[in-house]
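Student:
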Amino acid sequence: MAEPTLVVPGAEGLATRRPVDVAVGVLIERDAAGVEGRFLLTSRPADKVYAGYWEFPGGKLEAGETVGEALRRELHEELGITIGAVQPWQQIEVDYPHARVRLHFCKVYAWQGEFEMREQQSMAWQTLPVAVVPVLPGTVPVLRWLADERGHVGPTHADSPAEVPA
Ligand SMILES: Nc1nc2c([nH]c(=O)n2[C@@H]2O[C@H](COP(=O)(O)OP(=O)(O)OP(=O)(O)O)[C@@H](O)[C@H]2O)c(=O)[nH]1
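So the mapping is simple: our numbering equals the position in the sequence shown, first residue as 1, plus 1343.
1. What did DSSP end up calling L1370 once you bin it into helix, strand or coil?
2. Among V1363, Y1393, A1389, whose alpha-carbon lies nearest the alpha-carbon of V1478?
3. Below 7 Å CB to CB, which residues in the same chain sit around G1456 once its five sequence neighbours on both sides are set aside?
4. Measuring only the C-alpha atoms, how far is R1443 from R1415?
5. Does the pairing of the segment 1451-1468 with the segment 1359-1376 give three or more beta-carbon distances under 8 Å?
6. Cutting at 8 Å between CB atoms, please list the residues of its own chain near E1346, excluding the five before and the five after it.
7. With H, G and I counted as helix, E and B as strand and the rest as coil, what does DSSP make of E1506?
8. Do the segment 1458-1473 and the segment 1379-1387 touch if we need at least three Cβ pairs shorter than 8 Å?
9. Would DSSP call A1428 helix, strand or coil?
10. Which first and last residues belong to the alpha helix (DSSP H) in which R1415 is found?
11. State the beta-bridge partners of R1445 as determined by DSSP.
12. Assuming A1354 contacts D1491 under a Cβ cut-off of 8 Å, what Cβ separation, rounded to an integer in Å, is found between them?
13. Kindly identify the DSSP beta-bridge partner or partners of G1467.
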């Protein structure tokens, strides 16, 4: 089954581009009973497109890498942590004017090491609704999935009403 696609304004008609695979980590704190709590968002570094927008940390797969390998490498490079098990969760394609990406969102519940912002980004542990602004378009559906899992009613983030991929 084709995965949902989100078309960002300005990218209409560009859907024939080949998507770039991106591994994305949804790091979640769990309590002793296994109930999921805060999740980690990071801001995009100043030298990248959508600089300053908040997203889940991750990055593009390199040649020959699996999603899990890419995620492990990216989170170590960007945040200085070593992640434990990678649990594949959701996939979505997003058409941006600058690129078409296939986002592989994975849940991660265990990690080791001190967080270091190695790309001068910021980090924020969040719950719903997310308070940091602005949120990257490709992040919005993830907040909706989390809201559905958690029975959260109402907006998922502060800067715009909830959007659902087509
Ligand atoms: N990490 C991350 N990227 C996302 C999310 N949502 C989303 O649309 N993207 C998009 O996926 C792509 C990820 O590329 P990136 O530029 O962060 O990855 P990278 O570190 O490998 O980049 P570079 O090697 O080109 O500098 C970007 O086009 C970004 O806009 C998200 O939640 N997390």
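For each residue, glycine too, the CB sits at the ideal point set by N, CA and C.
Tutor: The answer reads as follows:
1. Taking the first residue of the sequence shown as position 1, residue 1370 is located at position 27. Looking at L1370 - three-state DSSP - the assignment turns out to be strand.
2. Counting from one through the sequence shown, the residue named residue 1478 turns up at place 135. Among V1363, Y1393, A1389, the Cα nearest to that of V1478 is on Y1393.
3. Position 113 of the sequence shown, counted from the start, is the residue given in the question as residue 1456. Excluding residues up to 5 positions away in sequence, G1423, I1424, T1425 lie with their Cβ nearer than 7 Å to the Cβ of G1456 in the same chain.
4. In the sequence shown, the residue the question calls residue 1443 occupies position 100. In the sequence shown, the residue the question calls residue 1415 occupies position 72. Linking R1443 to R1415 through their CA atoms gives a straight-line distance of about 22 Å.
5. Contact between the segment 1451-1468 and the segment 1359-1376 is present, because at least three Cβ pairs lie under 8 Å.
6. If you number the sequence shown from 1, residue 1346 lands on position 3. Cβ within range, chain order: Q1434, I1435, E1436, R1445.
7. The residue you call residue 1506 lines up with position 163 of the sequence shown. Low confidence applies to E1506: its pLDDT is 47, below 50, so where it sits in the model is not reliable, and the reading given next is rough at best. E1506: coil per DSSP, three-state reduction.
8. Yes, the segment 1458-1473 is in contact with the segment 1379-1387.
9. In the sequence shown, the residue the question calls residue 1428 occupies position 85. It is coil, neither helix nor strand.
10. Start at 1 with the first residue of the sequence shown, and residue 1415 comes out as number 72. Residues 1410-1422.
11. What you label residue 1445 is simply residue 102 of the sequence shown in a count that begins at 1. D1364, E1436.
12. In the sequence shown, counting from the first residue as 1, residue 1354 sits at position 11. In the sequence shown, counting from the first residue as 1, residue 1491 sits at position 148. At roughly 25 Å, the Cβ-Cβ gap does not stay under 8 Å, so A1354 and D1491 are not in contact.
13. Along the sequence shown, read from residue 1 onward, the residue named residue 1467 stands at position 124. The identity of residue 1467 in the sequence shown is Ala, whereas the question assumes Gly. In the DSSP output, where bridge partners are listed per residue, A1467 has L1384.
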